[in-house]
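Its first residue numbered 254, the sequence shown is counted upward by one per residue in my numbering. Glycine residues also receive a C-beta, built at the ideal position from the N, C-alpha and C atoms.
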Amino acid sequence: MKIAIINGPNLNLLGQRQPEVYGNEGFEGYFNFLQKAYSNVELEYFQSNIEGELVDAVQNFAKSCARIVLNAAAYTHTSIALADAVAAVKVSVIEVHISNVHAREAFRHHSYISPYAAGVIAGFGLDGYRLAIEGLLKKN
Ligand code: DQA
254 MKIAIINGPN
264 LNLLGQRQPE
274 VYGNEGFEGY
284 FNFLQKAYSN
294 VELEYFQSNI
304 EGELVDAVQN
314 FAKSCARIVL
324 NAAAYTHTSI
334 ALADAVAAVK
344 VSVIEVHISN
354 VHAREAFRHH
364 SYISPYAAGV
374 IAGFGLDGYR
384 LAIEGLLKKN
């Protein structure tokens with residue numbers, strides 16, 4: 254099975270960015286760990302700081318992948334375009350947040366993506382991506 258992980262804006266800075274919120278680990282190293290841990294799954298990874306590129310990524314990965322794990326980062330709280338892309342595709346999309354967005358500022362409590370997501374994981378750090386893969390593998 255093929256699963257795509259899509260990360261949104263500023264997640265290229267994981268490991269350096271607000272480590273007290275997002276931890277000390279960069280995503281590339283964590284992605285290597287995931288690839289080893291799930292050698293039976295074909296994992297793809299894409300990150301962009303640009304909203305339209307993320308819309309394209311959801312549309313394109315939906316053609317080649319069975320499932321998508323999406324951390325839309327700040328676009329979670331602002332992007333109707335990205336929410337429409339998630340609504341448009343037929344593959345299951347799991348929304349992931351590294352931090353517990355509900356324990357943070359009020360503007361992070363609302364997600365445009367959640368109504369169209371198969372599930373939402375927040376607050377488990379990078380382990381949330383692994384939990385999403387576990388969930389998606391069990392989901393038909
Ligand atoms: C985030 C939470 C968002 O509110 C924030 O804008 C991010 C990362 C998270 O993974 O916890 O950039 O999606």
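So does the stretch 375-382 actually touch the stretch 340-355, counting three or more Cβ pairs closer than 8 Å?
Because the criterion of three Cβ pairs below 8 Å is met, the stretch 375-382 and the stretch 340-355 touch.
Check whether the Cβ of residue 264 lies closer than 7 Å to any heavy atom of the ligand DQA, and answer yes or no.
Answer for residue 264: yes, Cβ within range of the ligand DQA.
Using a Cβ-Cβ cutoff of less than 6 Å, which residues in the same chain neighbour residue 265 once the five nearest sequence positions on both sides are dropped?
So the list reads 300, once near-sequence residues are dropped.
For the 8 Å Cβ check, are there 3 or more pairs between the stretch 301-315 and the stretch 325-344?
Output reads yes: the stretch 325-344 touches the stretch 301-315.
Below 8 Å, can you find three or more Cβ-Cβ pairs linking the stretch 311-322 to the stretch 255-271?
Yes, since at least three Cβ pairs between the stretch 311-322 and the stretch 255-271 fall closer than 8 Å, the two stretches touch.
When the Cα of residue 369 is compared with those of 295, 344, 389, 276, which residue comes out closest?
Among 295, 344, 389, 276, the Cα nearest to that of residue 369 belongs to 344.
Measuring only from the beta carbon, is residue 320 closer than 7 Å to any heavy atom that is part of the ligand ZN?
With respect to the ligand ZN, the structure shown offers nothing to examine, as its ligands consist of the ligand DQA.
How is the beta strand (DSSP E) around residue 374 delimited, first residue to last?
Looking at the DSSP string, the run of the beta strand (DSSP E) that includes residue 374 is 372-375.
Comparing the CB of residue 359 with every heavy atom of the ligand DQA, is any distance shorter than 7 Å?
Because no heavy atom of the ligand DQA lies under 7 Å away, the Cβ of residue 359 does not count as near it: no.
By the 10 Å Cβ neighbour count, where 16 or more other Cβ atoms means buried, how is residue 386 classified, buried or exposed?
Buried, because 16 or more other Cβ atoms sit within 10 Å of the Cβ of residue 386.
For residue 282, count neighbouring Cβ atoms within 10 angstroms of its own Cβ and tell me buried if that reaches 16, exposed if not.
With fewer than 16 Cβ atoms within 10 Å of its Cβ, residue 282 is classed as exposed.
Taking the C-alpha atoms as reference points, what is the distance between residue 331 and residue 364?
For residue 331 and residue 364, the distance between alpha carbons rounds to 8 Å.
Is the beta carbon of residue 354 sitting closer than 8 Å to the one on residue 346?
The answer is no: Cβ separation not under 8 Å.
Give the C-beta separation of residue 302 and residue 262 to the nearest angstrom, bearing in mind that I take them to be a contact with Cβ-Cβ under 8 Å.
That belief holds up - the Cβ atoms of residue 302 and residue 262 are roughly 4 Å apart, short of 8 Å.
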